[in-house]
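Chemist: Sharing a structure here in structure tokens format.
What follows is the structure, given as structure tokens:
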């Protein structure tokens, strides 16, 4: 059974910020390709919700987060087995202070 993918406003904001930055720096065509890559990679969670890794930081691990690595970006998510849902909570650049971003959710 496929899992449904839910994205929080914070995750959508992170994706939007990334794509707009790339469009500004490298052009629209590059940004659209990156957006397609992000969307297709996140879509993989429908069939394989555990393809992401367990975070190395214990505070995130204890809260049940998993991390999907997308080149220089990270998607933080949780799997709800009962509802067959994957919720994407945040999408960040791996160079950001993502622990504090997640704590703020």
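Residue numbers (the numbering used here): 10 to 114.
Note that beta-carbon positions come from the ideal geometry of N, C-alpha and C, so glycine has one too.
Between the segment 47-63 and the segment 86-106, do three or more beta carbon pairs fall short of 8 Å?
Modeler: yes
Chemist: Quick one: grab the DSSP three-state call for residue 47.
Modeler: Assignment of residue 47 by DSSP, reduced to helix, strand and coil, places it in the helix class.
Chemist: Would you identify the three-state DSSP class for residue 62, choosing helix, strand or coil?
Modeler: strand
Chemist: Per DSSP, which residues does residue 15 bridge with? Please list them.
Modeler: In DSSP, residue 15 forms a bridge with 96.
Chemist: Within 10 Å of its beta-carbon, does residue 30 have 16 or more other beta-carbons around it, so buried, or fewer, so exposed?
Modeler: If you draw a 10 Å sphere on the C-beta of residue 30, you find fewer than 16 other C-beta atoms in it, and that means exposed.
Chemist: Are any of the Cβ atoms in chain D nearer than 7 Å to that of residue 86?
Modeler: Of the protein chains in the structure, only one exists, and it is not chain D.
Chemist: Which residue marks the beginning of the beta strand (DSSP E) containing residue 87, and which one marks its end?
Modeler: 82-89
Chemist: How do the segment 63-71 and the segment 31-38 stand: do at least 3 beta-carbon pairs fall below 8 Å, yes or no?
Modeler: no
Chemist: Under three-state DSSP, which class holds residue 21?
Modeler: helix
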